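Chains A and B, in that order, are what the protein sequence lines are.
Going left to right, the first sequence walks through residues 1 to 151 as the numbering used here numbers them.
Going left to right, the second sequence walks through residues 1001 to 1151 as the numbering used here numbers them.
Number of protein chains: 2
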Amino acid sequence: MVRRKSFSGDYCPSARSLDVIGDWWSLLIVRDAFDGLTRFGEFQKSLGIAKNILSQRLRTLVERGILAPVAPADGGAHQEYHLTDKGRDLFPVMVALRQWGERYLFAPGEVHSALIDRETGQPIRLDIRTQDGKPIGPERALIVPPPEAKD
Amino acid sequence: MVRRKSFSGDYCPSARSLDVIGDWWSLLIVRDAFDGLTRFGEFQKSLGIAKNILSQRLRTLVERGILAPVAPADGGAHQEYHLTDKGRDLFPVMVALRQWGERYLFAPGEVHSALIDRETGQPIRLDIRTQDGKPIGPERALIVPPPEAKD
DNA sequence: TGACGACGGTTGCATTATAAAACCAATCTG
DNA sequence: CAGATTGGTTTTATAATGCAACCGTCGTCA
């Protein structure tokens, strides 16, 4: 592949985000972390990912501040990987992906896991609003480049 | 790579979504499509993507119903690629990625493009709520597997 | 009308990322 | 203390990516 292209210098925040978490596995690992998994073996079993790839991904996720290596509470010798605040803030991305997938990638009546509020049991949704709380659709959105640069 | 792993049979909607749009370029192309780009050459220039890869990505995005090939309004001979409804519904994913990137991937004071409501000029945000509209954080979210299956 | 360039790709080739499997040291378990 | 489990690292293969060269079809302009 002669070096994968990087967008770390791009002025579009979406592009930079994809640069950081846009590869095949990272978001799946993050999803499992949201689901409470913390250990190497747990991720490996859940995802069926090759161990070398998992090892490398965990390393870069730690480097990038999305996961943090912590010692287990029970004093064990193994390593645990926990979401940082930065990682936890990926939650809306996960929800958005999930919502889209639920809508378009499942046959009618096909079962899938669901996301609910653990206190009220209600389904969780996410929507787009202007700063003052008015919901809007994509057609009203406009990307404006920064003053002195191309997006 | 001996065949990239697929999650099309997974019961987690996020996993299926990533299976469909989780590769390096697809979401970038979709982002550009949101930005109004429609032609092969426009995508190519904007992304700096290799032409063979772009060609292949456009094809799979069309196959998957995210883009649709349409004849240009001016009667020209070239092909245009427009977002379908399915593609347009990826908007929340884009906004989520953007919001995260703005927060974590830019130095303080560094300029970036912004997303605004084209009618009021207000910045656009997205947030997570229960079905009855109460905003909540990730800590209250719970993934529940479908009745008869493992997630 | 005919040469020329732009557009929209496709084809080969070099290189890298990924997957599978084997291997290994350190723990944990019985 | 023996054996299994955990958490990885090599090694080796194959597929995905990027680059550059090539090609047919239009539009254009002399």
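Just so it is clear, CB atoms sit at the ideal spot from N, CA and C, and this is done for glycine as well.
No experiment lies behind these values; they were computed from the predicted model shown.
- Any Cβ of chain B closer than 8 Å to the Cβ of Gly-22/A would place that residue at the interface, and such an atom is present.
- Remark: C-beta atoms of Pro-1147/B and His-112/A do not approach each other more closely than 8 Å.
- For Thr-130/A, the secondary structure class from DSSP, reduced to helix, strand or coil, is strand.
- Listed in chain order, the non-local C-beta contacts of Leu-67/A below 7 Å within the same chain comprise Ala-33, Leu-58, Leu-61, Tyr-81, His-82, Leu-83, Thr-84, Gly-87, local neighbours out to five positions each way being set aside.
- Taking the CA atoms as reference points, Ile-1116/B sits about 16 Å from Gly-1101/B.
- As DSSP reads the structure, Tyr-81/A sits in a beta bridge with Pro-69/A.
- In this structure Leu-126/A touches Asp-1127/B by the C-beta definition: roughly 7 Å separates them, less than 8 Å.
- In the three-state DSSP reduction, Asp-89/A falls in the coil class, being neither helix nor strand.
- Of the residues Leu-27/A, Arg-64/A, Ala-50/A, Phe-43/A, the one whose Cα lies closest to the Cα of Leu-1105/B is Arg-64/A.
- Under the DSSP assignment, Leu-58/A falls outside any beta strand (DSSP E), being part of the alpha helix (DSSP H) whose first and last residues are 51 to 63.
- Of the other Cβ atoms in all chains shown, fewer than 16 fall within 10 Å of the Cβ of Ser-6/A; this residue is therefore exposed.
- C-alpha of Leu-37/A to C-alpha of His-78/A: approximately 14 Å in a straight line.
- Spatial neighbours of Leu-90/A in its own chain (CB-CB distance under 6 Å, excluding positions within 5 residues in sequence) are listed in chain order as Val-30.
- The Cβ atoms of Ser-1026/B and Met-94/A do not sit closer than 8 Å to each other.
- Not a single CB atom of chain B sits nearer than 8 Å to the CB of Thr-84/A.
- None of the residues of the segment 1056 to 1083 of chain B has a beta carbon lying less than 7 Å from any beta carbon of chain A.
- In the assembly as shown, Gln-1099/B is a buried residue. Its beta-carbon has 16 or more other beta-carbons within 10 Å.
- Per DSSP, reduced to three states, the secondary structure at Leu-142/A is strand.
- Between Pro-1123/B and Ala-1114/B, the gap from beta carbon to beta carbon is short of 8 Å.
- With a cutoff of 8 Å on beta-carbon distance, Arg-1140/B and Arg-118/A are scored as near each other.
- About 16 Å separates the Cβ atoms of Leu-18/A and Leu-1054/B, ruling out a contact at the 8 Å cut-off.
- Membership of Asp-1019/B in the alpha helix (DSSP H) is indicated by the continuous run 1013 to 1021.
- Within the segment 1100 to 1128 of chain B, those residues whose Cβ lies closer than 8 Å to any Cβ of chain A are, in chain order, Trp-1100, Gly-1101, Glu-1102, Arg-1103, Tyr-1104, Leu-1105, Phe-1106, Val-1111, His-1112, Ser-1113, Ala-1114, Leu-1115, Ile-1116, Asp-1117, Arg-1118, Glu-1119, Thr-1120, Gln-1122, Pro-1123, Ile-1124, Arg-1125, Leu-1126, Asp-1127, Ile-1128.
- Under the DSSP definition of a beta bridge, Ala-1114/B partners with Val-144/A.
- Any Cβ of chain A closer than 8 Å to the Cβ of Ala-1096/B would place that residue at the interface, and such an atom is present.
- When DSSP states are grouped into helix, strand and coil, Arg-1103/B belongs to the helix group.
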